[in-house]
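Each residue of the sequence shown is one higher than the last, beginning at 0 in numbering that gives the first Met the number 0.
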Amino acid sequence: MKKLALLLLMLCPAALFAQSGKVYDNLTLQSKILKSERKYAVYLPPDYETSGRNYPILYLLHGAGDDQTGWVQFGEVLSITDKAIKDGIATPMIIIMPDANTGRRGYNNDIKGDWNYEDFFFNELVPFVEKKYRVKSEKRFRAIAGLSMGGGGSFVYALHHPEMFSSACPLSAATGFLNLEMAKAAISKNTPNLPDSTISNYYKRYSVLPLIDAIPDDQKKAVRWFIDCGDDDFLYEGNGLVHNLMRKKEIPHEYRVRDGAHNWTYWRASLPNVLEFVSQVFHQY
């Protein structure tokens with residue numbers, strides 16, 4: 000039996016090892032906007048090196064305190080995505096996981112304009128990725144998802160650029176300030192002497208509720224939404240308010256509340272649902 004297994008290994012190594020994708024979690028690109036070298040991780044599907052074809056892409060954002068390795072180390076993106084593809088619930092795709100924890104933390108442009116991460120993401124990271132990897136660059140084949148701080152980033156990026164993303168999946172999302180008064184109190188404490196107009200404009204640009212409230216009627220179906228938050232999550236209120244506002248404005252979306260808190264146990268269970276949802280959009284729209 001051992002000899003037979005060894006013979007099979009020698010005769011068809013490609014078939015035996017082709018079932019797993021690959022993850023590289025310490026890759027870099029140079030950013031002129033952030034004046035620094037930026038790290039990112041990438042998941043490449045099992046047949047990437049042999050197929051020669053182009054793939055849809057998912058940008059998967061980490062939460063506060065993690066970096067580009069978070070979804071790799073704690074989220075088990077390699078094994079979960081491999082299984083989803085093998086089981087037929089997800090299409091083979093490329094997953095990009097950028098670092099938003101080095102230098103400063105977060106996916107937004109800074110209110111003072113001296114750390115513009117969002118500009119880096121759209122003007123440098125996306126073009127870099129689409130040049131380096133075999134990516135389908137049409138909106139239909141581009142999705143975004145993320146947890147906590149990255150869930151907030153998923154909301155904001157898809158709301159700022161509905162022409163770029165076919166679907167967005169915020170998980171346990173930090174939805175930003177729930178009203179302008181909260182924004183004024185917090186921002187003034189951290190960054191004194193800012194004009195009220197600057198704070199108001201920042202609130203409207205980087206808090207999810209005013210962004211959704213401002214969606215024009217002809218853009219209500221521009222992005223397919225999958226929102227997921229645990230019933231014991233400390234960010235439950237913001238996600239619930241977003242869900243209610245989307246219902247009031249008749250914006251189609253999937254809203255899931257499961258038993259769970261703000262932790263990796265919850266997000267690992269969410270990831271297969273995200274992969275299935277974005278794959279359905281890749282196929283159907």
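Idealized CB from N, CA, C, for every residue including glycine.
Note that the structure is predicted; figures quoted are calculated from it, not measured.
Burial state of residue i (16 or more Cβ within 10 Å)
| i | result |
| --- | --- |
| residue 108 | buried |
| residue 189 | exposed |
| residue 237 | buried |
| residue 227 | buried |
| residue 169 | buried |
| residue 172 | buried |
| residue 112 | exposed |
| residue 29 | exposed |
| residue 42 | buried |
| residue 18 | exposed |
| residue 23 | exposed |
Proximity of residue i and residue j at Cβ, strictly below 8 Å
| i | j | result |
| --- | --- | --- |
| residue 39 | residue 81 | no |
| residue 79 | residue 271 | yes |
| residue 44 | residue 96 | no |
| residue 144 | residue 224 | no |
| residue 211 | residue 244 | yes |
| residue 52 | residue 281 | no |
| residue 74 | residue 266 | yes |
Neighbourhood of residue i by C-beta, 7 Å cutoff - its chain only, sequence neighbours within 5 removed
| i | result |
| --- | --- |
| residue 205 | 107, 155, 175 |
| residue 63 | 104, 147, 148 |
Expected contact under 8 Å - CB spacing of residue i and residue j to nearest Å
| i | j | result |
| --- | --- | --- |
| residue 149 | residue 240 | Contact flag wrong, Cβ pair sits at about 19 Å. |
| residue 164 | residue 141 | 6 Å |
| residue 88 | residue 186 | Going by Cβ atoms, the distance from residue 88 to residue 186 rounds to 42 Å, so no, they are not a contact pair. |
| residue 229 | residue 258 | 7 Å |
Selected residue, minimal CA-CA separation from residue i, among the options
| i | options | result |
| --- | --- | --- |
| residue 285 | 273, 280, 281 | The chain is shown only over 0 to 284; residue 285 falls outside these bounds and no answer can be derived. |
| residue 101 | 114, 89, 94 | 114 |
| residue 233 | 262, 207, 245 | 262 |
| residue 134 | 54, 26, 208, 27 | 54 |
| residue 129 | 58, 24, 191 | 58 |
| residue 67 | 27, 260, 268 | 27 |
Sequence-distant residues of the same chain with beta carbon closer than 8 Å to residue i, five excluded per side
| i | result |
| --- | --- |
| residue 6 | For residue 6, the pLDDT reaches just 49, beneath the cut-off of 50, and the residue's location in the model is therefore unreliable, although a value from the coordinates is still provided. Closer than 8 Å at Cβ, skipping near neighbours: no residue. |
| residue 32 | 115, 118, 119, 122, 123 |
Sequence-distant residues of its chain with Cβ nearer than 6 Å to residue i (five each side left out)
| i | result |
| --- | --- |
| residue 250 | 219 |
| residue 255 | 227 |
| residue 268 | none |
| residue 158 | 210 |
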